[in-house]
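Take the sequence shown: its position 56, counting from 1, is numbered 56 in UniProt numbering, and each next residue is one higher.
Just below is one structure, and these are the notes that go with it.
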Amino acid sequence: MKLLLLAGLIVFVVMWLQRPKDRPLPGGPARQLRLTTEPMLPCAQCGVHAPSSEMLHDAAGRAYCCEEHRSLYAAR
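Right under this line is the structure:
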């Protein structure tokens, strides 16, 4: 009985050591999409950082967190 248990343990260890090392991340492409990042830009008026896709931009390319801050900065 001990010999059978030892043989099973050896087979398990050998199979574990031979497993593929270059497997993709669990979750496949969906998980890899979540790992992408987006640049955070500071508002030119108040300095709050927000994702670049949510910022408003003026003609000079400055980023603002809201329309009010864009007009306040222009009124300076």
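For every residue, glycine included, the Cβ atom is placed at its ideal position computed from N, Cα and C.
Residue i: first and last residue of the uninterrupted alpha helix (DSSP H) it sits in
{"i": "residue 7", "result": "2-17"}
{"i": "residue 75", "result": "Premise fails: residue 75 is in no alpha helix (DSSP H) and is neither H nor E."}
Inter-residue CB distance, residue i and residue j (contact presumed, cutoff 8 Å)
{"i": "residue 49", "j": "residue 41", "result": "7 Å"}
Residue environment, residue i, which counts as buried when at least 16 other CB atoms sit within 10 Å
{"i": "residue 45", "result": "buried"}
{"i": "residue 76", "result": "exposed"}
{"i": "residue 19", "result": "exposed"}
{"i": "residue 63", "result": "buried"}
CA-to-CA distance, residue j to residue i, given in whole angstroms
{"i": "residue 21", "j": "residue 38", "result": "30 Å"}
{"i": "residue 58", "j": "residue 74", "result": "9 Å"}
{"i": "residue 61", "j": "residue 17", "result": "55 Å"}
{"i": "residue 68", "j": "residue 51", "result": "18 Å"}
{"i": "residue 3", "j": "residue 11", "result": "12 Å"}
Residue range of the beta strand (DSSP E) that includes residue i
{"i": "residue 51", "result": "49-51"}
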